[in-house]
Amino acid sequence: MRRTLFFWILLSTVLLSGCGTPPTPAERGGTSTASAPDPTPAPPQKEPFTPYGKNIRFERLSLEEGLSQSVVNVILQDRKGFLWVGTDDGLNRYDGYNFKAYKPDTNEPFSLSDRTVTAMVEDDEGNLWVATRMGGLNRYDPASGRFFNYTHDTVNNQTIASNRINALCLDDGGLWIGTDNGLDYLDLETYELTHFPTAGSVIHPESKSISSLFKDSTGRLWIGTFDSGISYYDPAANFFKTFKNNQYNSNSLSSNRVLSIAEGQGGEIWIGTNAGLNLYNPAENDFVRYRSSKDVPSSLAGNTIYSLFTDRSGGLWVGTNMGLDRYDPQDGSFIHHQYQPNVANSLSNNEVRYIYEDDSGVLWVGTYGGGLNKYNRQQDRYAYFRHNPDDPKSLSSNFVFAILPDEWGRVWVGTIDNGLNLFDPETETFTRFTHDPNDSTSIGSNSIIALYKDRKGVLWIGTENSLDRYNRGIKTFSHFQPEGTNLGDPATFTVYAILEDSQGRFWVGSKRGLLLFDRDTRTFSEYKTSGPRPDYFSSVRASALFEDDHQNLWVGTYEDGLQRINLETGKVTFYRHDPTDLSTLGGNTVMCIYQDSSGTLWVGTHGGGLSRFDPETESFTHFTEHEGLSNNVVYGILEDETGKLWLSTNFGLSRFDPVKRSFRIFTASDGLQSNEFNQNSYARDRNGTMYFGGINGLNVFVPQEITDNQYAPKIALTSVTLDGVPLNGERTTEYLDAITLTWPQDSIEFEFASFAYEQPSKNRYAYMLEGFDTDWINIDNQRVGRYTNLPGGTYTLRLRGSNSDGVWNEEGAAIQVVVVPPFWETWWFRDLLLVVFVFSAAGGLRWRVKSIENQNRELERLVKKRTADLEKRTGEIEALYQADEKILRSVTLNQIFQTLVDVSVSMLKADRTGLCLERRKTENHAARQPRVPARNAGCPELRPGRRHDRNCRQDRHSRHRSRPRPGHATRRHQSRHS
2 MRRTLFFWIL LSTVLLSGCG TPPTPAERGG TSTASAPDPT PAPPQKEPFT
52 PYGKNIRFER LSLEEGLSQS VVNVILQDRK GFLWVGTDDG LNRYDGYNFK
102 AYKPDTNEPF SLSDRTVTAM VEDDEGNLWV ATRMGGLNRY DPASGRFFNY
152 THDTVNNQTI ASNRINALCL DDGGLWIGTD NGLDYLDLET YELTHFPTAG
202 SVIHPESKSI SSLFKDSTGR LWIGTFDSGI SYYDPAANFF KTFKNNQYNS
252 NSLSSNRVLS IAEGQGGEIW IGTNAGLNLY NPAENDFVRY RSSKDVPSSL
302 AGNTIYSLFT DRSGGLWVGT NMGLDRYDPQ DGSFIHHQYQ PNVANSLSNN
352 EVRYIYEDDS GVLWVGTYGG GLNKYNRQQD RYAYFRHNPD DPKSLSSNFV
402 FAILPDEWGR VWVGTIDNGL NLFDPETETF TRFTHDPNDS TSIGSNSIIA
452 LYKDRKGVLW IGTENSLDRY NRGIKTFSHF QPEGTNLGDP ATFTVYAILE
502 DSQGRFWVGS KRGLLLFDRD TRTFSEYKTS GPRPDYFSSV RASALFEDDH
552 QNLWVGTYED GLQRINLETG KVTFYRHDPT DLSTLGGNTV MCIYQDSSGT
602 LWVGTHGGGL SRFDPETESF THFTEHEGLS NNVVYGILED ETGKLWLSTN
652 FGLSRFDPVK RSFRIFTASD GLQSNEFNQN SYARDRNGTM YFGGINGLNV
702 FVPQEITDNQ YAPKIALTSV TLDGVPLNGE RTTEYLDAIT LTWPQDSIEF
752 EFASFAYEQP SKNRYAYMLE GFDTDWINID NQRVGRYTNL PGGTYTLRLR
802 GSNSDGVWNE EGAAIQVVVV PPFWETWWFR DLLLVVFVFS AAGGLRWRVK
852 SIENQNRELE RLVKKRTADL EKRTGEIEAL YQADEKILRS VTLNQIFQTL
902 VDVSVSMLKA DRTGLCLERR KTENHAARQP RVPARNAGCP ELRPGRRHDR
952 NCRQDRHSRH RSRPRPGHAT RRHQSRHS
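Okay, here's the thing in structure tokens:
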């Protein structure tokens with residue numbers, strides 16, 4: 002075996018000694034070993050790679066995002082889900098979208114007592130206890146939004162020992178308070194305060210300057226001090242013990258200045274000091290020290306340990322003065338996460354003051370001057386590797402353009418601008434191969450576009466100006482370029498795709514067309530067809546190559562569609578995009594070609610999305626953004642073990658289920674290197690691990706581990722406005738049980754939040770007003786609802802929300818909404834109207850009946866009266882009749898005649914007077930007319946200057962003596978008969 006290996010190495014050295022750029026004609030014509038198998042024995046099968054990326058990414062939250070100040074001292078999540086952040090300038094409440102700051106206010110008696118918040122805890126009643134640097138202790142009542150202050154009073158022993166509080170720790174029914182003047186215990190039921198040391202108690206810290214407090218899982222209280230080490234109190238045994246630094250004992254506490262305490266997953270106690278980290282050994286009552294060392298890169302980043310935290314997975318996080326460390330218990334090393342000036346998603350500041358994990362698994366890191374950092378632990382599903390200018394074993398460039406796993410479990414990674422890398426997943430390190438103009442055996446170019454391994458295990462590299470072969474045994478490269486002017490300028494010979502077909506022919510897709518490369522003669526030749534266009538493939542840019550199960554070579558081109566070459570017959574079939582025919586190829590620029598385990602052929606295009614080929618109908622089915630694809634540029638396609646396809650695009654990764662025809666989208670916020678990926682930058686190794694590269698590095702993941710976060714977030718109302726006016730009542734918005742709208746209020750608008758902090762922009766919301774809505778109103782990620790002109794009544798407002806993976810809190814939150822209508826729409830007013838109507842109707846009916854009765858009585862009275870009058874008159878008439886009869890019997894005929902004459906004379910006189918008056922009116926009227934002279938003819942009594950009454954009397958006396966004139970007689974005659 003050794004002889005064989007030596008022979009191959011020696012032969013390769015001889016053959017490659019003259020390799021350069023470009024190869025000489027002698028090399029092209031000589032015997033080649035380029036296709037010889039790699040002599041290195043095949044490695045054993047390995048388990049799938051479970052990634053943990055060293056390059057975790059932080060989202061920064063500081064003043065620009067609304068945080069009141071950039072020095073973060075403490076972080077806590079309350080039972081509602083709000084995140085509280087204590088800074089040097091106020092207390093902040095965060096809901097995933099906005100910060101609300103609480104600061105001292107001299108005009109508000111129930112405000113925070115001091116600006117600098119040093120510690121926080123939440124008790125069983127939901128009260129938030131807030132310690133400050135100079136203002137004592139505060140109890141925040143979240144239901145009323147009020148702060149109640151507890152400060153030191155020199156004349157009152159039942160007040161806290163000092164207004165400078167450094168630490169708080171909840172105990173069963175009580176609160177431990179660490180001040181710079183001793184240790185206090187507050188009974189939360191009686192609010193009685195006890196100062197320690199006290200008579201009858203074994204608790205006696207050796208220093209009054211308490212720095213930290215911690216209660217472990219066994220019930221022991223650990224008390225750290227600034228100058229006298231650490232102690233613990235065991236209430237079960239009523240035992241108190243102190244540990245101090247002993248400069249002569251390397252197993253003693255590393256320093257007496259204790260800054261932080263935490264408990265590991267196994268119950269071990271970790272103690273942070275200003276001189277390193279200590280692990281308590283209970284068996285020996287001593288400590289194992291961990292310190293920073295420049296000579297040991299995997300040691301602590303810094304020796305000042307401000308904060309310690311054990312996450313839900315058991316990982317220990319260490320906040321130092323030189324960054325954030327994660328402890329690896331396997332080898333006792335520390336992985337560093339530090340501030341990098343040119344990396345926007347690195348830690349914002351290296352002085353880490355506090356570490357906290359919320360209910361959804363997000364890790365929060367408070368820094369001194371860098372604000373708040375958020376690390377979404379869900380991003381661990383994707384290992385992320387990028388270039389680090391300070392680490393020569395990191396990726397050579399962030400612009401990844403080609404990926405190829407080898408049989409050893411390693412992965413070749415080509416970049417567009419800084420050469421080739423060999424990635425070792427076990428050590429998570431990269432070995433670089435870059436072009437050296439002074440070394441002809443170095444890689445031909447730093448622009449790596451394609452990678453391919455032939456059947457003999459030889460690695461081929463397509464660069465911007467050559468086809469290279471890697472000689473693994475001696476770690477050198479051979480370079481091959483085409484000859485002849487008809488193939489273009491060799492200096493611009495760019496290789497896009499490489500393929501060895503089932504017949505052993507070696508195809509090269511290039512900027513100058515589709516070529517065949519003879520590995521024995523090291524020569525290129527154009528591929529000619531037997532059809533009407535034999536030189537067609539010399540003029541196209543072949544961007545993708547794939548051989549299917551039926552010995553068809555598929556050639557994807559740039560802007561000229563897809564071609565299928567039957568390798569047996571040489572027949573070429575063309576498939577191009579026709580915008581008028583939906584059954585054609587989705588786009589004419591083909592980025593990738595893939596055949597899944599069922600034999601289905603898939604084509605990724607630039608701008609046309611994903612196309613599925615149907616060999617029976619020779620047609621395509623398209624899947625684009627309209628169907629749920631994240632982006633219509635599909636760079637790569639890989640299939641996982643469940644048959645789902647993973648597609649790299651210009652907007653993240655899309656996981657496609659061909660059976661359900663559904664997509665799930667993953668973006669940079671999920672842990673991807675960025676939203677933009679690259680062509681040829683995708684691969685799957687034999688264990689199923691997938692690799693995708695883009696413009697900002699490399700992602701590695703196991704598809705089966707990409708599962709949804711099952712945390713169902715808490716939901717709370719965050720603001721309410723009625724008719725555009727914020728609702729301010731005795732209870733805070735999040736603790737409202739009911740909302741009342743009184744007339745003329747007729748509109749309500751509300752905001753609510755889902756407390757899943759991984760990616761709040763991807764949280765989804767829905768609401769429903771029971772009694773008004775018949776179904777849920779889905780509002781995507783808007784989280785704002787409104788109603789107007791609600792009819793009077795009592796409703797229930799229900800709120801629901803999801804996390805970024807679409808897991809919903811189905812129960813959500815519920816608030817009663819009461820709409821008080823105007824008085825005329827109330828039930829009592831309607832009932833009153835009914836009563837009034839009934840009584841009015843009854844009264845009206847009674848009045849009507851009474852009126853009819855009165856009318857009847859009046860009618861009866863009138864009838865009686867009329868009857869009586871009639872009877873009376875009847876009697877009178879009868880009497881008159883009888884009297885007339887008597888008179889008639891007694892009156893003579895002469896008397897009757899004389900009476901008739903007298904009556905006639907009276908009537909004639911009246912007629913004459915009336916006629917004279919009428920004539921006078923007529924003459925007066927005629928006198929006013931200039932053409933008609935006034936005359937009184939026929940009526941001398943009315944002539945001017947005469948007195949009418951005398952004339953009338955004279956006429957009466959002379960009526961019978963004077964003979965009347967003819968005219969007068971006629972008029973009198975007429976008057977009588979008129």
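2 is the number of the first residue of the sequence shown in our numbering; add one for each residue after it.
Positions of the beta carbon are idealized from the N, C-alpha and C atoms, including for glycine.
Since we're looking at a predicted model, the values are computed, not measured.
Could you tell me whether the Cβ atoms of residue i and residue j are closer together than 8 Å?
| i | j | result |
| --- | --- | --- |
| R354 | G320 | yes |
| I224 | I272 | no |
| F538 | R513 | no |
| N350 | Y340 | yes |
| Y692 | S649 | no |
| G629 | T606 | no |
| L673 | F621 | no |
| V131 | L113 | yes |
| L189 | G174 | yes |
So is residue i buried or exposed if we call it buried at 16+ other beta carbons inside 10 Å?
| i | result |
| --- | --- |
| Y192 | exposed |
| G844 | exposed |
| K645 | buried |
| Q930 | Note that Q930 scores 49 on pLDDT, short of 50, meaning its location in the model is unreliable; the coordinates nonetheless yield the value given after this. By the neighbour-count rule (16 or more Cβ atoms within 10 Å), Q930 is not buried but exposed. |
| H205 | exposed |
| K866 | exposed |
| R847 | exposed |
| H551 | exposed |
| H627 | exposed |
| G794 | exposed |
| A263 | buried |
| F840 | exposed |
| I716 | buried |
| Y249 | exposed |
| Q379 | buried |
| S479 | buried |
List the endpoints of the continuous beta strand (DSSP E) containing residue i.
| i | result |
| --- | --- |
| E548 | 543-548 |
| D391 | Looking at the DSSP string, D391 is not in any beta strand (DSSP E), and its letter there is neither H nor E. |
| W825 | Neither: W825 is in no beta strand (DSSP E) and is coded neither H nor E. |
| K454 | 449-454 |
| K101 | 100-103 |
| G420 | Unbroken run through G420: none, as it is neither H nor E. |
| F773 | Where F773 is concerned, there is no enclosing beta strand (DSSP E), given that its DSSP letter is neither H nor E. |
| N139 | 138-142 |
| R665 | 663-667 |
| H337 | 334-338 |
| M121 | 118-123 |
Item to check | Secondary structure, beta strand (DSSP E): runs of 3+ residues fully inside the stretch 574-623 | outcome: 591-596, 602-606, 611-615
Next on the checklist: Taking 8 Å as the cut-off, does the stretch 440-447 touch the stretch 425-432 (at least 3 CB pairs, one atom from each stretch)?
Outcome noted: no
Checklist entry - How about the stretch 170-178 and the stretch 120-132: do they share at least three Cβ pairs that are nearer than 8 Å? => result yes
Checklist entry - Would you call the stretch 87-101 and the stretch 55-70 in contact, with 3 or more CB pairs under 8 Å? => result Taking one beta carbon from each stretch, the stretch 87-101 and the stretch 55-70 have 3 or more pairs nearer than 8 Å; the two touch.
Next on the checklist: Measuring CB atoms only, is the stretch 538-547 touching the stretch 501-513, in the sense that at least three cross pairs come out at less than 8 Å?
Outcome noted: yes
Item to check | the stretch 722-735 contacting the stretch 820-837, beta-carbon criterion three pairs below 8 Å | outcome: no
Checklist entry - Does the stretch 743-762 come close enough to the stretch 355-364 that 3 or more CB-CB pairs lie under 8 Å? => result Between the stretch 355-364 and the stretch 743-762, the count of Cβ pairs shorter than 8 Å is three or higher; the stretches touch.
Checklist entry - What are the start and end residues of each continuous alpha helix (DSSP H) run of 4 or more residues lying completely inside the stretch 392-416, in chain order? => result As summarised for the stretch 392-416, there are no continuous alpha helix (DSSP H) elements at least 4 residues long confined to that stretch.
Item to check | Ordered list of beta strand (DSSP E) runs contained in the stretch 740-771, each at least 3 residues | outcome: 748-755, 766-771
Next on the checklist: For the pair the stretch 557-575 and the stretch 521-534, tell me if three or more CB-CB distances fall below 8 Å.
Outcome noted: yes
Next on the checklist: Under 8 Å, with one C-beta from each stretch per pair, do the stretch 398-408 and the stretch 692-702 reach the 3-pair mark?
Outcome noted: yes
Checklist entry - With contact counted as at least three CB pairs below 8 Å, one residue from each stretch, are the stretch 234-245 and the stretch 198-213 in contact? => result yes
Next on the checklist: Could you tell me which whole beta strand (DSSP E) segments of length 3 or greater appear in the stretch 261-337?
Outcome noted: 270-274, 277-282, 287-291, 306-311, 317-321, 324-329
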